[in-house]
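Participant: So that we are looking at the same thing, I have put the structure below in structure tokens.
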Amino acid sequence: MSDTSAPARVISALAAQGIDATPFPMGKGLFRAGDLLLKTWRPDQADKAMAQAQRQAEVAQALTTGARAPRVLFFDAQRLVLAMPYLTGADLSARWRAGHHDVPEHAGAWLRAFHALTARDAPFWPKGQVNWLNRLVDAGQSGTREIVEFDRFRAAAMQVQARAKHARGKPCRKAVTHRDMTLSNLIRADGQTWGIDFENPKPDDALRDVFTLALDLAAMAPERTQSALPALRRAYGDTVTAPEVRLFLQQCFCLWVWANTPAQPSARQAARLDCAEAWLAAQEPVI
Ligand SMILES: Nc1ncnc2c1ncn2[C@@H]1O[C@H](COP(=O)(O)OP(=O)(O)O)[C@@H](O)[C@H]1O
Ligand SMILES: [Mg+2]
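Just so it is clear: in the sequence shown, position 166 is 165 by numbering that gives the first Met the number 0, and no numbers are missing.
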């Protein structure tokens, strides 16, 4: 949905701050004005905007070397405009598509520093995942959710559930996750890696973010996956989580990708589903 009031809100937010700069639209509710990047939200997304402004400010203050987050220069809660420094560089998705080999390393190192702010080790308890899978299968069964090849999905989900016992009680890493940890939310600029697009304040299985990065790397460049995933894992450096937990979570995340793939997928969604299918069948964890 386009947001026709965004340009006017950006202009008045800048004026309210006494900033004399002309904003240029960059698409998707983003504007550039001089060395500022302004992000806007629609009026019905106020909660999302607040969550992002708050979390980004916290993370920017905590991450100070190498792995960074842009400061919040101002947040106009009335106009839903957030200002941060404009980063002159390219996001890791563009770098990965352009063939840069250092992307898995930079992504893994950034995520390592980000999770280190909140990480704690705890025995793994699969109850949440098992219940979630039950709900998903029920939703597919009753038709409240359309899941492609549902019979095959249900069989796969039941197999994964049956393996939960192998992971139970084994070491696992929890952290406040990013929850939208894609390559396009990491920007390489000034010789540093900058994370953006924060929202989530809650702890979760840290591997969730590793999985989405792995999925992005693999889906964008299948031919480079074999070297990319070990490089990502090495740079991330989780030595705590047990292999049984990795495999179980990987399979759950793959089912999540499957359940979220529409019947008519885009090329990107189809590539992601291909990876998820392969990793669902894998005997060894890739994350
Ligand atoms: N501070 C910034 N400096 C430069 N580019 C940015 C900045 N913030 C975002 N971008 C670019 O805009 C894209 C979308 O921004 P993002 O905040 O992730 O919005 P969305 O919520 O739509 O994903 C990013 O992938 C990045 O390429
Ligand atoms: Mg983004």
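Even glycine gets a Cβ: it sits at the ideal position worked out from N, Cα and C.
What number of angstroms, rounded off, separates the C-alpha of LEU13 from the C-alpha of THR260?
Facilitator: Roughly 40 Å separates the two Cα atoms.
Participant: Just to confirm, are ALA328 and GLU104 a CB contact at a threshold of 8 Å?
Facilitator: Residue 328 cannot be examined here, being either before or after the span of the chain that is shown, 0 to 286.
Participant: In whole angstroms, what is the alpha-carbon distance linking ALA227 and MET219?
Facilitator: Going from the Cα of ALA227 to the Cα of MET219 covers about 11 Å.
Participant: For ARG172, write down the residues that DSSP places opposite it in a beta bridge.
Facilitator: DSSP, once it has assigned bridges, lists ASP120 as partnering ARG172.
Participant: What beta strand (DSSP E) runs, 3 residues minimum, are completely inside the stretch 22-69?
Facilitator: Within the stretch 22-69, the complete beta strand (DSSP E) runs of at least 3 residues are 23-26, 29-32 and 35-39.
Participant: For LEU272, collect the residues of the same chain with a Cβ closer than 7 Å to its Cβ; drop the 5 residues on either side in sequence, then sort them by chain order.
Facilitator: Around LEU272: VAL256, TRP257, THR260 and PRO264.
Participant: Could you compute how far the alpha carbon of PRO6 sits from the alpha carbon of GLN268?
Facilitator: Straight-line Cα distance between these residues: approximately 31 Å.
Participant: Output the residue ranges of the alpha helix (DSSP H) runs that lie fully inside the stretch 203-239 and measure 4 residues or longer, sorted by chain position.
Facilitator: Qualifying alpha helix (DSSP H) stretches, in chain order: 206-219 and 224-235.
Participant: Within a Cβ cutoff of 8 Å, which residues of the same chain sit near ARG162, ignoring the five residues on either side of it in sequence?
Facilitator: Correct list, in chain order: LEU246, PHE247 and GLN250.
Participant: GLU243: buried (16+ other C-beta within 10 angstroms of its C-beta) or exposed?
Facilitator: Counting Cβ neighbours within 10 Å, GLU243 comes out buried, since at least 16 surround it.
Participant: Any heavy atom of ligand 1 closer than 7 Å to the CB of ASP46?
Facilitator: Incorrect: ASP46 has no Cβ contact closer than 7 Å to ligand 1.
Participant: Using CA coordinates, which residue listed in PRO221, ARG67 and GLU198 is at the minimum distance from MET49?
Facilitator: Residue GLU198 is the option with its Cα nearest to MET49.
Participant: Using a Cβ-Cβ cut-off of 8 Å (strictly less than) and excluding sequence neighbours within five positions of PRO42, which residues of its own chain qualify?
Facilitator: SER4 and LEU79, listed in sequence order.
Participant: If we count Cβ pairs, one from each stretch, closer than 8 Å, do we get three or more for the stretch 11-29 versus the stretch 51-69?
Facilitator: They do not touch, by the three-pair rule.
Participant: Give a single yes or no on whether ASP208 has its beta carbon closer than 7 Å to a heavy atom of ligand 2.
Facilitator: It does not: the Cβ of ASP208 is nowhere closer than 7 Å to a heavy atom of ligand 2.
Participant: Quick one, which of ARG207, VAL159, THR176 and LEU135 has its alpha-carbon nearest ILE195's?
Facilitator: The shortest C-alpha separation from ILE195 is found at THR176.
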